[in-house]
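Enquirer: Residue numbers (full-length UniProt numbering), protein chains in the order written: chain A, 1 to 259; chain B, 1 to 259.
Note that CB positions come from ideal geometry on N, CA and C, so glycine has one too.
As the structure is a prediction and not an experimental result, all values here were calculated from the model.
There are 2 protein chains.
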Amino acid sequence: MSVTVEKALQLIEAMARAGKPVGVSQLGRDLQINKSTVHRLLDTLVRQGYACQEEDSGRYALSVKLWEMGIGVVRGLSLPQVARPLLEAAALETGETTMLGVVQEREVLIIDKVDSLHPLQIFSPLGTRLPICNSAFGRVLLAFQPEAFIEAAVAEFAPRTAFGIQTQAQLREDLARIRAEGSSQSRDEWQIGIAGAAASIHDAKGGVAGAFCITGPTARLTEAKLRDCRARCVAASQAISQQLGHIAPGPARQAAGAQ
Amino acid sequence: MSVTVEKALQLIEAMARAGKPVGVSQLGRDLQINKSTVHRLLDTLVRQGYACQEEDSGRYALSVKLWEMGIGVVRGLSLPQVARPLLEAAALETGETTMLGVVQEREVLIIDKVDSLHPLQIFSPLGTRLPICNSAFGRVLLAFQPEAFIEAAVAEFAPRTAFGIQTQAQLREDLARIRAEGSSQSRDEWQIGIAGAAASIHDAKGGVAGAFCITGPTARLTEAKLRDCRARCVAASQAISQQLGHIAPGPARQAAGAQ
DNA sequence: CAACGCCGTGCCTATATTTGGAACAGGCGA
DNA sequence: TCGCCTGTTCCAAATATAGGCACGGCGTTG
Numbered sequence: 001m002s003v004t005v006e007k008a009l010q011l012i013e014a015m016a017r018a019g020k021p022v023g024v025s026q027l028g029r030d031l032q033i034n035k036s037t038v039h040r041l042l043d044t045l046v047r048q049g050y051a052c053q054e055e056d057s058g059r060y061a062l063s064v065k066l067w068e069m070g071i072g073v074v075r076g077l078s079l080p081q082v083a084r085p086l087l088e089a090a091a092l093e094t095g096e097t098t099m100l101g102v103v104q105e106r107e108v109l110i111i112d113k114v115d116s117l118h119p120l121q122i123f124s125p126l127g128t129r130l131p132i133c134n135s136a137f138g139r140v141l142l143a144f145q146p147e148a149f150i151e152a153a154v155a156e157f158a159p160r161t162a163f164g165i166q167t168q169a170q171l172r173e174d175l176a177r178i179r180a181e182g183s184s185q186s187r188d189e190w191q192i193g194i195a196g197a198a199a200s201i202h203d204a205k206g207g208v209a210g211a212f213c214i215t216g217p218t219a220r221l222t223e224a225k226l227r228d229c230r231a232r233c234v235a236a237s238q239a240i241s242q243q244l245g246h247i248a249p250g251p252a253r254q255a256a257g258a259q
Numbered sequence: 001m002s003v004t005v006e007k008a009l010q011l012i013e014a015m016a017r018a019g020k021p022v023g024v025s026q027l028g029r030d031l032q033i034n035k036s037t038v039h040r041l042l043d044t045l046v047r048q049g050y051a052c053q054e055e056d057s058g059r060y061a062l063s064v065k066l067w068e069m070g071i072g073v074v075r076g077l078s079l080p081q082v083a084r085p086l087l088e089a090a091a092l093e094t095g096e097t098t099m100l101g102v103v104q105e106r107e108v109l110i111i112d113k114v115d116s117l118h119p120l121q122i123f124s125p126l127g128t129r130l131p132i133c134n135s136a137f138g139r140v141l142l143a144f145q146p147e148a149f150i151e152a153a154v155a156e157f158a159p160r161t162a163f164g165i166q167t168q169a170q171l172r173e174d175l176a177r178i179r180a181e182g183s184s185q186s187r188d189e190w191q192i193g194i195a196g197a198a199a200s201i202h203d204a205k206g207g208v209a210g211a212f213c214i215t216g217p218t219a220r221l222t223e224a225k226l227r228d229c230r231a232r233c234v235a236a237s238q239a240i241s242q243q244l245g246h247i248a249p250g251p252a253r254q255a256a257g258a259q
């Protein structure tokens, strides 16, 4: 709606993508915005503290103020807070990397994690995005999205390896199974050599708030161990969901659940 | 300059401050912006993925996209990357909390840290701001700022406790001493019961890039231990500075240092 | 050594954009 | 049921934006 703000946000995103100082002309070319306009917008960003200008080269880069605002966002969310101790516990007990993810623009965004202590680790820094269709981590999130969201995701599905889910039909089946069971596991599907288990976290309104994942090298995660990890994911996710105010749906098998 | 973008950024900051969903009218009142304008700007923020609207209440909150952008900022900086292992090492060796800070709007912004394992800890989450005049951590940063910056900071200095630096004259002296020595330590000055040591980190251009700090309860940090921490800060900061391409000024005492 | 091309910056006017008052629909509490 | 609050929409007036153009500085190239 507001074209000016839209352009300013595009500038921010472009600078974030670049990861290093960028020039006015460069930004103008990339985003097809007039150089004067870019300059004026950058000027306001600098004035507000969101960007800063390299003294010698004159190029612009984002400042830590943006990081500070972002930190405020996750601090405001209750999910990372309640999930943190469970991430640590699961990482300690299994010795593998544990991760917390949420849906962001049809992908999985890793918002917190605890690294394994093994020398062989999964490389995925905070803020990394993972495909939503090609791993258990993504699919436990995808399964509980609105119908239209799922359709769009399934439509653009493509296998990344020769293992795991290969067709859209299989994907739909798996999503249905996840909706019933609430957890999943995968192996060599996103990347050869990586396996993982995941379970969905739900909030007070019943919607999916995030996913709890334990991941590691296929070599260490035998089928038995992966099942164990999956059970841990389920337990952790349920604990988190409960703390978020989620009332377990309890179809019939768990009738009690007083209060 | 660009009033529209300025207002949009104000909205972002206001929502970050709130830490929870806020209403259109509320934001309009707080920032003295017309309700219609607020609504339209929020609409663009939502469309661009930076904010989202609570379905039931209609209130708005920032989304994780802002966090994602912020993460990209610190990932682009080399300082946190090279400092991380040294933060961990110092925390392990001393058993105390280690922190990495940069200057942000006349305050110290904590951009990374490794927590002590002691039950008694310093509470200061990532993204916390500390005063720049009232601790060693702040002053090693302040000492190397431009003249005007220092003047402004000194002008608004006020002691927070009855310990440590008490007057503007003392503060100026201390800053001069820090410029000569490159490190500092303080005790009971920012908060009663907290002590810390810090050293400044410099980049290739010679400017100050950040500060390395070891902090803990006054009870544990005896004078001897605090001196030890200070020495560790100096060593770590020099190592980091070197990796950032800083050429040690080497007044005379270390003439060699080839390559 | 000079000419060129690119850089960031500043100015200016037509114009497209924002502005903000007023009105609407829905929810909540009295 | 009434009143008050919320988020949302509309529209004309006014204003801030857009983007062409020009300037000074810098690095490279001919």
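1) Do residue 153 of chain A and residue 122 of chain A have their C-beta atoms closer together than 8 Å?
2) Thinking C-beta only, is residue 233 of chain B closer than 8 Å to residue 197 of chain B?
3) Are three or more beta carbon pairs between the region 167-182 of chain B and the region 90-108 of chain B nearer than 8 Å?
4) Can you tell me the Cα-Cα spacing of residue 7 of chain B and residue 140 of chain B, whole angstroms?
5) At the level of alpha carbons, what is the spacing between residue 224 of chain B and residue 246 of chain B?
6) Could you check what DSSP says for residue 94 of chain B in three-state terms: helix, strand or coil?
7) Verify whether the separation of the beta carbon atoms of residue 98 of chain A and residue 214 of chain A is less than 8 Å.
8) Which residue marks the beginning of the beta strand (DSSP E) containing residue 108 of chain A, and which one marks its end?
9) If you follow the beta strand (DSSP E) that residue 161 of chain A is part of, which residue opens it and which one closes it?
10) Determine the closest residue to residue 260 of chain A out of B:115, B:49 and B:17, with distance taken between C-alpha atoms.
11) Decide if residue 62 of chain B is buried, meaning its Cβ has at least 16 other Cβ atoms within 10 Å, or exposed.
12) Whose CA, out of B:231, B:34, B:244 and B:240, lies closest to the CA of residue 94 of chain B?
13) Take residue 165 of chain A as the anchor and find which of A:235, A:185 and A:208 has the nearest alpha-carbon.
14) Tell me the residue span of the alpha helix (DSSP H) that contains residue 36 of chain B.
15) Beta carbon of residue 195 of chain A, beta carbon of residue 216 of chain A: below 8 Å?
16) Considering Cα atoms alone, identify which of A:65, A:46 and A:67 is closest to residue 58 of chain A.
17) Please list, in chain order, the residues of the region 95-128 of chain A that have any C-beta partner in chain B closer than 8 Å.
18) Of the residues that make up the region 56-69 of chain A, which ones have a beta carbon closer than 9 Å to any beta carbon in chain B?
19) Any Cβ of chain A within less than 8 Å of the Cβ of residue 6 of chain B?
20) I'd like the ranges of any alpha helix (DSSP H) spanning at least 4 consecutive residues and lying wholly in the region 142-208 of chain A.
21) Show which residues of chain A have a CB atom less than 8 Å away from the CB atom of residue 33 of chain B.
22) Nearest CA to the CA of residue 112 of chain A: which residue from A:120, A:102, A:119 and A:118?
23) Quick one: Cα of residue 174 of chain A to Cα of residue 19 of chain A, how far?
Expert: In short:
1) Numbered from its first residue, the first sequence carries residue 153 of chain A at position 153. Numbered from its first residue, the first sequence carries residue 122 of chain A at position 122. No, they are not a contact pair.
2) In the second sequence, the residue the question calls residue 197 of chain B occupies position 197. In the second sequence, the residue the question calls residue 233 of chain B occupies position 233. Going by C-beta atoms, residue 197 of chain B is nearer than 8 Å to residue 233 of chain B.
3) no
4) On the second sequence, residue 7 of chain B is found 7 positions in, with the first residue counted as 1. On the second sequence, residue 140 of chain B is found 140 positions in, with the first residue counted as 1. Whole-angstrom Cα-Cα distance: 35 Å.
5) The count along the second sequence starts at 1 and reaches residue 224 of chain B at position 224. The count along the second sequence starts at 1 and reaches residue 246 of chain B at position 246. Computed Cα separation, rounded: 30 Å.
6) Working through the second sequence from its first residue, we reach residue 94 of chain B at position 94. Helix, per DSSP.
7) Here residue 98 of chain A corresponds to residue number 98 of the first sequence, with the count starting at 1. Here residue 214 of chain A corresponds to residue number 214 of the first sequence, with the count starting at 1. Cβ distance < 8 Å, so residue 98 of chain A and residue 214 of chain A count as in contact.
8) Locating residue 108 of chain A in the first sequence gives position 108, counting from the first residue. Unbroken beta strand (DSSP E) run through residue 108 of chain A: 107-114.
9) Translated into the one-based positions of the first sequence, residue 161 of chain A becomes position 161. No beta strand (DSSP E) contains residue 161 of chain A, which DSSP labels as neither H nor E.
10) Since the first and last residues shown for chain A are 1 and 259, residue 260 of chain A lies out of range.
11) Residue mapping note: residue 62 of chain B aligns to position 62 of the second sequence, counting from 1. The residue in question, residue 62 of chain B, is buried, as its Cβ has 16 or more Cβ neighbours within 10 Å.
12) Taking the first residue of the second sequence as position 1, residue 94 of chain B is located at position 94. That would be B:231, whose Cα lies nearest to the Cα of residue 94 of chain B.
13) The sequence position of residue 165 of chain A within the first sequence is 165, counting from 1. Considering only alpha carbons, the answer is A:185.
14) Numbered from 1 along the second sequence, position 36 holds the residue referred to as residue 36 of chain B. Element bounds for residue 36 of chain B: 35-47.
15) The residue given as residue 195 of chain A occupies position 195 in the first sequence. The residue given as residue 216 of chain A occupies position 216 in the first sequence. Yes, they are a contact pair.
16) Here the question's residue 58 of chain A lines up with position 58 in the first sequence. Answer by Cα proximity: A:46.
17) 102, 104, 105, 109, 111, 125, 126 and 127
18) 56, 61, 62, 63, 64, 65, 66, 67, 68 and 69
19) By one-based count along the second sequence, residue 6 of chain B stands at place 6. Interface residue, yes.
20) 147-155 and 168-181
21) As a working mapping, residue 33 of chain B is identified with position 33 in the second sequence. Under the 8 Å cutoff, chain A gives no residues; its nearest Cβ is about 13 Å from residue 33 of chain B.
22) Residue numbering aside, residue 112 of chain A sits at position 112 when the first sequence is read from its first letter. Comparing Cα-Cα distances from residue 112 of chain A to each of A:120, A:102, A:119 and A:118, the minimum goes to A:102.
23) On the first sequence, position 174 is the one that residue 174 of chain A refers to. On the first sequence, position 19 is the one that residue 19 of chain A refers to. For residue 174 of chain A and residue 19 of chain A, the distance between alpha carbons rounds to 37 Å.
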